[in-house]
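Worksheet for the structure shown next.
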Amino acid sequence: MQFGFLVVFLPLLGSLISGFLGKFISTRFIEIFTSILISISAIIACLIFYDVIINSYSENILLFRWISSGTFNVNWSINIDSLSALMFVVITLVSSLVHIYSIGYMSDDPHKPRFMSYLSLFTFSMLVLVSSDNFLQLFFGWEGVGLCSYLLIGFWFKKETANAAAIKAFIVNRVGDFGLALGIFLIFYLFGSVNYQDVFSEVPNYISNEISVIGLKFNTINLICIFLFIGAMGKSAQIFLHTWLPDAMEGPTPVSALIHAATMVTAGVFLVVRCSPIYEYSELALNLITIVGISTAFFAATVALVQNDIKKIIAYSTCSQLGYMFFAAGVGAYNVAMFHLFTHAFFKALLFLGAGSVIHSFQNEQNIEYMGGVWKKLPYTWLLMVIGTLALTGFPFLSGFYSKDAILEFAYLKGSSIGYLAAGFGVLTAVMTSIYSWRLLFKTFHGSFKNTKLNFNSMHESPMIMIIPLIILSLGAIFSGIIFKEILIGPSSSTDFWKNSIFFKEPLSQDHPPTWFLFITPILVTIIIPISYYIFVKKTYILKLIVETNYPVFKFFKNKWYFDDLYDFLFVKGCKKLGLYFWKKIDIRLIDKFGPDGISSLVKLCSLLAVKFQSGFIYQYAFIMLIGFSVLLTFLILY
Amino acid sequence: MNFPILSSLILLPSIGAIFIFFSKSKDKKNISSKYISLFVSLVNLILSIYLWFSFDNTTHDFQFVEERKWLIGFVNYKVGVDGISILFIILTTFITSLCIFSVNNTVKSRPKDFLIAILLMESFMIGVFCSLDLLIFYLFFEGGLIPMFLIIGIWGGDRRVYSAFKFFLYTLLGSVLMLVAIIFIYWQTGTTDITQLYSIGIDAKYQNLLWLAFFSSFAVKTPMWPVHTWLPDAHVEAPTAGSVLLAAILLKMAGYGFIRFSIGLFPLASEYFTTFVFFLSLIAIVYTSLVALMQEDMKKLIAYSSVAHMGYVTLGIFTFTQQGLQGSLYQMISHGLVSAALFLSVGVIYERMHTRLIRNYGGIVTIMPKFAVLLMIFALASLGLPGTSGFIGEFLVLIAAFEKNILVAAIACLGVILGAAYMLWLYRRVIFGEIKNNELKKMLDLNRSEVFILASLALPILYFGFYPDPILKTVNISVENLISNYELAINNEIVKK
Chain U
1 MQFGFLVVFL PLLGSLISGF LGKFISTRFI EIFTSILISI SAIIACLIFY DVIINSYSEN
61 ILLFRWISSG TFNVNWSINI DSLSALMFVV ITLVSSLVHI YSIGYMSDDP HKPRFMSYLS
121 LFTFSMLVLV SSDNFLQLFF GWEGVGLCSY LLIGFWFKKE TANAAAIKAF IVNRVGDFGL
181 ALGIFLIFYL FGSVNYQDVF SEVPNYISNE ISVIGLKFNT INLICIFLFI GAMGKSAQIF
241 LHTWLPDAME GPTPVSALIH AATMVTAGVF LVVRCSPIYE YSELALNLIT IVGISTAFFA
301 ATVALVQNDI KKIIAYSTCS QLGYMFFAAG VGAYNVAMFH LFTHAFFKAL LFLGAGSVIH
361 SFQNEQNIEY MGGVWKKLPY TWLLMVIGTL ALTGFPFLSG FYSKDAILEF AYLKGSSIGY
421 LAAGFGVLTA VMTSIYSWRL LFKTFHGSFK NTKLNFNSMH ESPMIMIIPL IILSLGAIFS
481 GIIFKEILIG PSSSTDFWKN SIFFKEPLSQ DHPPTWFLFI TPILVTIIIP ISYYIFVKKT
541 YILKLIVETN YPVFKFFKNK WYFDDLYDFL FVKGCKKLGL YFWKKIDIRL IDKFGPDGIS
601 SLVKLCSLLA VKFQSGFIYQ YAFIMLIGFS VLLTFLILY
Chain G
1 MNFPILSSLI LLPSIGAIFI FFSKSKDKKN ISSKYISLFV SLVNLILSIY LWFSFDNTTH
61 DFQFVEERKW LIGFVNYKVG VDGISILFII LTTFITSLCI FSVNNTVKSR PKDFLIAILL
121 MESFMIGVFC SLDLLIFYLF FEGGLIPMFL IIGIWGGDRR VYSAFKFFLY TLLGSVLMLV
181 AIIFIYWQTG TTDITQLYSI GIDAKYQNLL WLAFFSSFAV KTPMWPVHTW LPDAHVEAPT
241 AGSVLLAAIL LKMAGYGFIR FSIGLFPLAS EYFTTFVFFL SLIAIVYTSL VALMQEDMKK
301 LIAYSSVAHM GYVTLGIFTF TQQGLQGSLY QMISHGLVSA ALFLSVGVIY ERMHTRLIRN
361 YGGIVTIMPK FAVLLMIFAL ASLGLPGTSG FIGEFLVLIA AFEKNILVAA IACLGVILGA
421 AYMLWLYRRV IFGEIKNNEL KKMLDLNRSE VFILASLALP ILYFGFYPDP ILKTVNISVE
481 NLISNYELAI NNEIVKK
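For the record, the sequence lines run as chains U and G. Taking our numbering, I'd label the letters of the first sequence as residues 1 to 639. Taking our numbering, I'd label the letters of the second sequence as residues 1 to 497.
The following block contains the structure:
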């Protein structure tokens with residue numbers, strides 16, 4: 001039992017030590033120490049995961065009571081089952097690699113202990129989130145990772161853009177949390193508990209429960225699911241609440257890899273999967289999730305096609321892949337969603353860290369228009385990025401191939417019109433994924449060297465401490481699909497591996513879609529490779545032609561569908577104007593003017609009148625006193 | 001219990017004040033008076049903690065009760081504590097000690113009198129929280145305003161007279177009505193003893209009017225919208241210690257009053273006015289959060305955020321549920337700590353730069369890293385991040401509000417988003433970015449005593465965020481009793497009809 005405890009609390013220990021003692025101990029020691037702690041945590045997590053696969057280990061370690069008020073009781077606990085064990089592996093593994101990578105990447109930064117402290121704190125919060133056995137502890141972790149994300153995006157606190165992005169991330173996430181909190185309230189209202197066990201076992205009894213809000217009747221289960229999903233949308237950057245993720249790239253690249261690709265942003269997917277016992281009873285919410293999922297996948301891919309910032313392209317790609325995970329969950333294939341989450345963590349972290357290596361070599365240049373031709377200079381990075389790209393696009397037999405194809409298959413097998421729609425858009429998005437991924441790779445590494453500030457010959461590979469984590473991730477990107485396919489999404493996975501952690505109301509279809517559908521995606525994404533090379537490197541004028549003929553569409557994509565501008569106008573400016581209005585017009589002009597200021601001027605007026613009484617003649621005063629006294633006396637006697 | 005511990009708590013600060021008054025300090029810095037006041041407040045703190053430890057939280061009865069004849073046959077001096085009031089007493093002694101500790105060279109003129117004012121205020125506050133007689137309560141309640149009025153009026157900033165005046169006008173207006181109501185209650189029932197009043201009950205036909213009279217006093221002091229405009233002005237002009245006492249303790253008297261009197265004495269009226277209070281609370285939460293967003297003065301921003309936070313308190317109290325009341329009490333204690341910490345933090349940089357305008361700051365994290373860390377903790381507690389005390393209260397209140405009305409909870413939840421917006425924006429503009437104002441470079445990071453003061457607030461904020469049990473347990477039985485009495489009254493009324 002101590003093992004689960006260690007996985008969660010070793011990162012916290014690392015964070016506290018580097019946070020508080022960072023000034024007194026050498027930086028080198030701090031970075032190695034935190035990395036080792038997380039690595040130990042990762043090794044134990046892998047052991048636990050192995051134990052779960054082999055022995056179906058599961059345990060709920062109760063730490064202590066957190067809040068107890070009337071019937072509202074919540075505990076701190078570490079709940080280990082298949083789902084959390086899988087998340088443990090993803091989180092600690094990527095986190096330990098990112099810690100090690102950061103030793104190299106952040107080597108020039110004066111605030112390294114702080115950085116390490118935040119990274120470890122993030123890891124702790126994320127582990128708390130996934131290991132919860134109730135909704136409130138999940139909420140704690142949820143907000144905790146949000147805070148760490150805020151701190152890390154704004155890590156370079158002198159950059160105004162970074163600060164703005166940090167606040168944006170926190171507040172947009174809070175909008176999501178608003179939904180999540182309402183979901184939790186409603187769960188407590190309905191079930192009288194926020195513990196997973198109590199809630200999930202009671203769901204079937206409340207299927208037709210209804211609740212009325214402002215006179216309208218809603219199915220309560222549907223409402224809970226939608227509220228929770230709003231929270232998931234915020235954290236996982238789904239369309240409408242996605243605007244923070246691209247901006248979050250202002251943070252250091254290791255952060256983007258860990259938080260904004262592999263772990264935190266997948267918390268939303270985790271939430272939906274964790275709540276499968278509720279979602280299975282809400283057809284409406286599942287359809288909504290599917291639609292939001294495909295919309296996000298498609299939307300983000302279109303934007304990624306035309307961006308020039310290397311990290312933003314990958315960020316939109318993350319957004320898009322998260323959309324895939326959601327629509328997998330939406331069609332009921334929760335295990336497939338988790339499988340894609342698992343493989344995606346490897347290849348997306350690989351791509352981000354690879355991009356970080358490129359940025360490092362180009363001395364903080366992020367625009368792919370100013371790169372190119374360096375593949376021979378950065379051979380490892382190039383090779384590793386190629387692996388990552390192949391895995392992402394779903395090239396046969398790499399990890400992404402298995403997970404993405406499974407998603408499309410299950411969408412197709414769903415049989416409903418939404419399923420077919422999802423499958424169709426899924427294939428289309430996969431093609432776009434391939435295009436923008438290869439565009440990024442070719443523009444970065446091939447063609448001519450387009451950077452004017454740097455000398456081509458001085459370009460050199462990143463240090464080994466950055467390359468080794470990439471190599472480990474690339475192994476994951478290549479093999480995680482083929483190895484874990486059977487365990488996680490095989491025909492008997494739900495009974496052998498997932499057991500109680502995921503609930504399937506009806507067992508997943510064991511059929512196979514028609515052969516043409518199975519082959520279409522791998523064939524398309526493979527054909528795209530030479531075509532992209534041709535367009536983006538060889539004959540760039542074709543590209544210009546395409547852009548010119550479709551200029552309005554290009555501009556629309558380039559401006560990210562104008563979401564940012566719209567939100568800025570509606571919410572940021574709107575709130576500021578409203579605040580100013582309330583303050584200047586209502587508080588000052590209305591309340592103060594007629595309230596205290598009004599009264600005081602009234603009193604002044606009265607006192608001006610009263611001055612006339614103060615004549616200074618003793619007899620007048622005595623007379624008034626006499627009158628007063630006699631009135632009082634009469635009153636007392638009569639009463 | 002023979003030792004009159006509550007009376008000692010009330011009287012000690014006053015006795016200390018008398019000592020200071022007669023002490024002749026040779027040095028100009030008034031070291032002796034500072035030591036006397038510090039000593040007295042620390043003794044009080046220790047006494048109150050002892051009180052907490054010897055407090056029995058398995059019964060809802062008033063404990064440590066003392067009763068003495070006073071104004072023969074008319075009013076008795078009666079004090080006692082239950083789970084609800086004891087926490088406020090500790091909050092008072094704790095915050096006052098910190099305040100006195102923080103008073104150093106900032107108060108230039110008449111520092112001796114300043115300390116006397118603070119000590120007198122402590123006496124009055126403790127009196128408010130443990131009096132078990134309406135008239136005694138009223139005396140303490142109003143008496144507490146006088147030192148505050150003086151603190152703002154004498155040691156305040158440029159517009160101190162206006163602010164003090166506004167403060168007094170608002171608070172007095174409400175109080176007069178409350179006094180009338182108290183006299184009326186005495187005529188009706190022949191007693192002002194709260195425990196007796198609880199058992200006698202007040203006739204249903206008078207409840208609404210009496211409730212309104214009490215409400216007018218409490219609403220001003222909470223403060224609730226639209227009678228909140230005195231607070232930002234009072235805060236801006238008050239010296240740091242004054243702001244701290246005002247926000248941390250004075251505002252809590254009203255919340256305490258709502259629980260003790262409005263619900264306790266007038267359950268039917270409280271039920272009747274629930275919607276009205278919800279409405280005002282929601283406006284307080286959303287409206288003042290938006291106003292806070294646009295403030296240019298740090299103290300004003302925090303003052304407006306206080307109004308929003310107290311909105312949650314009133315919202316929670318009038319849900320009449322276990323979670324709601326416990327949440328409100330928790331929120332009050334938490335806000336006491338957090339707002340005190342925030343005002344002290346502003347005081348720290350104000351002392352160095354003599355400006356409270358946000359735009360004059362920026363980038364001070366490089367100069368004052370310790371300050372930046374501590375302020376971050378306070379800002380996060382203020383925006384209600386889980387793991388800080390701010391979260392527990394807010395969450396319990398919202399969960400209770402949700403049971404009553406989903407829409408109310410949803411609107412109140414918006415405050416959580418706005419709270420994050422104004423707090424983080426403030427933090428960013430003050431702490432992060434490049435240093436644009438060159439004078440900032442002269443600032444020094446926190447000295448030892450400042451670290452001590454702020455850290456001793458940060459620790460309970462974090463501790464009670466992770467482990468709220470000590471507070472929740474203390475109030476549990478008393479709140480349960482309050483609610484069952486309330487429900488009994490409502491049910492009786494329904495049966496009557």
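Ideal Cβ placement from N, Cα and C applies to all residues, glycine included.
Beta carbon proximity, residue i to chain G, threshold 7 angstroms
{"i": "R174 (chain U)", "result": "yes"}
{"i": "F571 (chain U)", "result": "no"}
{"i": "E250 (chain U)", "result": "no"}
{"i": "P113 (chain U)", "result": "no"}
{"i": "L488 (chain U)", "result": "no"}
{"i": "D592 (chain U)", "result": "yes"}
{"i": "I167 (chain U)", "result": "yes"}
{"i": "P658 (chain U)", "result": "The structure shown does not extend to residue 658 (chain U), since chain U spans only 1 to 639, so no value can be given for it."}
{"i": "I214 (chain U)", "result": "yes"}
{"i": "A232 (chain U)", "result": "no"}
{"i": "L86 (chain U)", "result": "no"}
Residue i - containing alpha helix (DSSP H), residue span
{"i": "F139 (chain U)", "result": "F135 to I153"}
{"i": "V430 (chain G)", "result": "I406 to I431"}
{"i": "W382 (chain U)", "result": "P379 to T393"}
{"i": "S7 (chain G)", "result": "I5 to F22"}
{"i": "G336 (chain G)", "result": "Q322 to M353"}
Proximity to residue i [Cα-Cα], best of the options
{"i": "R439 (chain U)", "options": "U:M106, U:F326 and U:M371", "result": "U:M371"}
{"i": "A169 (chain U)", "options": "U:G419, U:I259 and U:N364", "result": "U:I259"}
{"i": "S357 (chain U)", "options": "U:L384, U:N335, U:I523 and U:T243", "result": "U:L384"}
{"i": "L63 (chain U)", "options": "U:V8, U:H111 and U:I472", "result": "U:V8"}
{"i": "D158 (chain G)", "options": "G:F466, G:I477, G:N481 and G:T355", "result": "G:T355"}
{"i": "L408 (chain U)", "options": "U:A345, U:N455 and U:M325", "result": "U:M325"}
{"i": "G104 (chain U)", "options": "U:I591, U:P469 and U:Y619", "result": "U:P469"}
{"i": "N447 (chain G)", "options": "G:S334, G:L45 and G:F371", "result": "G:F371"}
{"i": "W244 (chain U)", "options": "U:I167, U:E283, U:K311 and U:I230", "result": "U:I167"}
{"i": "T96 (chain G)", "options": "G:I249, G:P223 and G:R160", "result": "G:I249"}
{"i": "M466 (chain U)", "options": "U:L351, U:F497, U:I435 and U:T452", "result": "U:L351"}
{"i": "V313 (chain G)", "options": "G:F378, G:D233, G:P223 and G:L383", "result": "G:P223"}
{"i": "L286 (chain U)", "options": "U:A422, U:P110, U:I520 and U:K112", "result": "U:A422"}
Beta strand (DSSP E) segment containing residue i, residue limits
{"i": "F64 (chain U)", "result": "E59 to S69"}
{"i": "V213 (chain U)", "result": "E210 to V213"}
{"i": "E66 (chain G)", "result": "Q63 to W70"}
Cutoff 7 angstroms: residue i Cβ touching any chain U Cβ
{"i": "M368 (chain G)", "result": "no"}
{"i": "E403 (chain G)", "result": "yes"}
{"i": "I411 (chain G)", "result": "no"}
{"i": "E434 (chain G)", "result": "yes"}
{"i": "Y162 (chain G)", "result": "no"}
*Answer yes if the stretch 126-134 of chain U comes into contact with the stretch 13-27 of chain U, meaning at least three C-beta pairs across the two stretches below 8 angstroms, and no otherwise.*
no
*Looking at chain G, which residues of the stretch 37-71 of chain U have a Cβ within less than 7 angstroms of any of its Cβ atoms?*
R65, I67, S68, S69 and G70
_Residues from the stretch 233-257 of chain G in contact with chain U, defined by Cβ distance under 8 angstroms_ = none
*asked:* Within 8 angstroms, do at least three Cβ pairs link the stretch 381-396 of chain U to the stretch 496-505 of chain U?
replied: no
*asked:* I'd like to know if the stretch 472-490 of chain U and the stretch 338-358 of chain U are in contact, where contact means that at least 3 CB-CB pairs between them fall below 8 angstroms.
replied: yes
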